[in-house]
Ligand SMILES: [Zn+2]
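In our numbering, the protein residues as written are 1326 to 1564.
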């Protein structure tokens, strides 16, 4: 039980007042920051999905181009076969070329059907990407607006937090470093409440009884007394 002046106790009480505000504001700001991050993740997920759709569209476009190129190739082959047909001398050759032309035409029919399906798919994807892009823009604008609204609302709290931090540092200059360290340690252990009153032999920090003699000592206010249960620094408030 170290000796302490009434002045020190008053300073500790003021330090606690600032500490309570700091803890409160930090909690508010942390919560807001988490909310902001959550909103940010939403847009990120949307963006990733949109990117995937764009890749699918690109693949679909390439697929269509591939089929078109193959059809072109077959067309060329059919033209060549037809040219050859005019020059053949034997019936066997003629039949062979005719079958070749026929096979190529069948292949071309198949590819054309495939192309129609692929193009339909491509159109669908293009439409989807367009819709999603518009949605994304809207969502992005909305989220940016929400986030800046949050920033605006919290700027007062941030300012206030800085004021309390400065105030606390200023108050702390009147206390010995060891007392400051002790305060910080107890505050950390007790969710930001390091200094508390005692009423009718009850610690108002943890609501446990303290021994009668300790209560008398706290009332005298000449020594630094910590609650035996929660370690908070105790003081008596005349009311
Ligand atoms: Zn206590």
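Glycine included, every Cβ here is placed at the ideal spot set by N, Cα and C.
Just the C-alpha distance for residue i and residue j, rounded to the nearest angstrom, thanks.
i: residue 1399; j: residue 1445; result: 22 Å
i: residue 1338; j: residue 1496; result: 10 Å
i: residue 1538; j: residue 1506; result: 27 Å
i: residue 1452; j: residue 1367; result: 22 Å
i: residue 1536; j: residue 1331; result: 21 Å
i: residue 1363; j: residue 1472; result: 11 Å
i: residue 1487; j: residue 1511; result: 22 Å
Might you give, ordered along the chain, the residues of its own chain that have their beta carbon closer than 7 Å to the beta carbon of residue i, omitting 5 neighbours on each side?
i: residue 1485; result: 1350
i: residue 1529; result: 1521, 1522, 1523
i: residue 1514; result: 1556
i: residue 1526; result: 1534, 1535, 1537, 1540
i: residue 1483; result: 1354
i: residue 1361; result: 1472, 1475
i: residue 1411; result: none
i: residue 1422; result: 1406, 1409, 1410, 1413
Three-state secondary structure (DSSP) at residue i?
i: residue 1528; result: strand
i: residue 1534; result: strand
i: residue 1413; result: coil
Going by Cα to Cα distance, which pick from the options is closest to residue i?
i: residue 1432; options: 1414, 1409, 1397, 1458; result: 1397
i: residue 1544; options: 1375, 1561, 1465; result: 1561
i: residue 1335; options: 1366, 1387, 1499; result: 1499
i: residue 1437; options: 1388, 1460, 1530; result: 1388
i: residue 1467; options: 1534, 1352, 1330, 1365; result: 1365
i: residue 1380; options: 1511, 1329, 1447; result: 1447
i: residue 1477; options: 1357, 1461, 1462; result: 1357
i: residue 1456; options: 1340, 1547, 1375; result: 1375
i: residue 1458; options: 1377, 1493, 1352, 1418; result: 1377
i: residue 1341; options: 1490, 1503, 1480; result: 1490
Residues in its own chain within less than 8 Å of residue i by CB, not counting five upstream and five downstream?
i: residue 1393; result: 1440
i: residue 1345; result: 1517, 1518
i: residue 1531; result: 1552, 1554, 1555, 1557
i: residue 1359; result: none
Along the beta strand (DSSP E) that carries residue i, what are the first and last residues, could you check?
i: residue 1558; result: 1558 to 1560
State the start and end residues of the unbroken alpha helix (DSSP H) segment that holds residue i.
i: residue 1494; result: 1416 to 1497
i: residue 1403; result: 1331 to 1410
i: residue 1513; result: 1502 to 1514
Kindly say whether residue i, judged by its beta-carbon, lies nearer than 7 Å to any beta-carbon of chain C.
i: residue 1410; result: Looking for chain C here will not work: only one protein chain is present.
Considering only residues of the same chain and omitting the five flanking positions on each side of residue i, which have a CB-CB separation below 6 Å?
i: residue 1425; result: 1406
i: residue 1559; result: 1523, 1543, 1550, 1552
i: residue 1348; result: 1517
i: residue 1402; result: 1429
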